[in-house]
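Each remark here refers to the structure printed beneath this line.
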Amino acid sequence: MIRSLPRGLLPRKVQTKKEQLNLMKQSSLLVTAALSLVAASAFAQATKSSPAVGASTSTSSPPTIASAIDREISLVQKEVVEAAEAMPEDKFDFSPEKLNLPGSDYKTVRTFGEQLKHIAASNYLIWSPITGEKPPDTVNDGKGPDNMKAKAEIIKFVKDSFAFGHKSVATLNSSNLVEPITSSSGRPTTRLFLATFAAAHCFDHYGQMIEYLRMNGIVPPASRGQ
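Going from the sequence shown to my numbering is simple: count from 1 and add 27.
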């Protein structure tokens, strides 16, 4: 059974030769347009599949959960390390307590160097359960080594802790991301939480470091040129 065709597509007799020629012209234009579309599509596909002369044939790997978190760690690592390098060594023992601000109490606040050691020690403690690797003894319950005072030593301690984080996060995948594990403090958690919480914790203390720099008349590296 032939279904009804829409109005305008119903067959009819051609009344004149002129109408016949017009119909032929219209058909020719439609065919030309269709061929043009096919050619354009083929060209586009060829362009995508064939690299330009001199262009690299390698393609970057698609992002993964591990690479996305690793990038976040790299961002905060850059901010923290640059801020640490910007502070003069003789100011590593600075805390707001030294300003003697009226009505303030900064007696228990960490010094600039202690902030950095806390960041590094916490990085080890937070990230270690991701792989099960034991953190170094120098974490000292999140305080870092008491006898570590030199700027170069503290910055190395910080950099090493971030290297530990990059290595830990590289093991993340879809099957172990939310698998129940135990944190360094003995609480139930997941690798996803630990991987991201460490970066958040770093940013928290980075914000305090920025205030220490400002209090000493130093523009934070991230704010320079703005």
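Just so you know, even glycine gets a beta-carbon here, dropped at the ideal spot from N, CA and C. Nothing here was measured: the structure is a model prediction, and the numbers come from that model.
Ranked by how close their Cα comes to the Cα of Ser188, the residues Cys229, Ser210, Asp173 and Asn200 have Cys229 in first place. Going by C-alpha positions, Lys161 is about 16 Å away from Arg214.
Of the candidates Ile92, Ile181, Leu128 and Asp168, the residue whose Cα lies closest to the Cα of Met242 is Leu128. In this model, Phe191 and Asp132 are separated by some 35 Å (Cα to Cα). If you look at Ile157, you'll find it in the alpha helix (DSSP H) that goes Phe139 to Thr158.
In the structure shown, the three-state DSSP call for Pro123 is helix. In this structure the segment 195–215 does not lie against the segment 112–128, because fewer than three pairs of beta carbons, one per stretch, are closer than 8 Å.
By alpha-carbon distance to Leu221, the top candidate from Ile245, Glu238, Pro248 and His193 is His193.
In this structure Lys105 is exposed. Its beta-carbon is surrounded by fewer than 16 other beta-carbon atoms within 10 angstroms.
Taking Val185 as reference, the option from Asn150, Ala113, Ala226 and Ile92 with the minimal CA-CA separation is Asn150. When Ala110, Lys144 and Val136 are compared, the shortest CA-CA separation from Pro172 is found for Lys144. According to the DSSP assignment, Thr223 belongs to no beta strand (DSSP E) but to the alpha helix (DSSP H) extending over Arg218 to Met242. Annotation for Ile96: no beta strand (DSSP E) segment contains it, though the alpha helix (DSSP H) segment containing it runs Ile92 to Ala113. Per the coordinates, the alpha-carbon of Thr217 lies some 21 Å from the alpha-carbon of Ala147. Residue state for Ile181 is assigned as helix, using DSSP reduced to three classes. About 7 Å separates the CB atoms of Gly140 and Lys176; that is less than 8 Å, so the two are in contact. Shortest Cα-Cα distance from Ala179 to any of Pro163, Glu109, Arg98 and Ser87 involves Glu109. Cβ-Cβ distances below 8 Å link Val205 to Thr217, Arg218 and Leu219 in the same chain, with the five nearest sequence neighbours on each side left out; the list follows chain order. Ile92 and Gly130 have their C-alpha atoms spaced approximately 47 Å apart. Residue environment analysis places Val246 among the exposed positions, since fewer than 16 neighbouring C-beta atoms fall within 10 angstroms of its C-beta.
Under the three-state reduction of DSSP output, Pro172 falls in the coil class, being neither helix nor strand. Per DSSP, reduced to three states, the secondary structure at Thr209 is strand. When the beta-carbon positions are compared, Pro156 and Ile96 stay at least 8 Å from each other.
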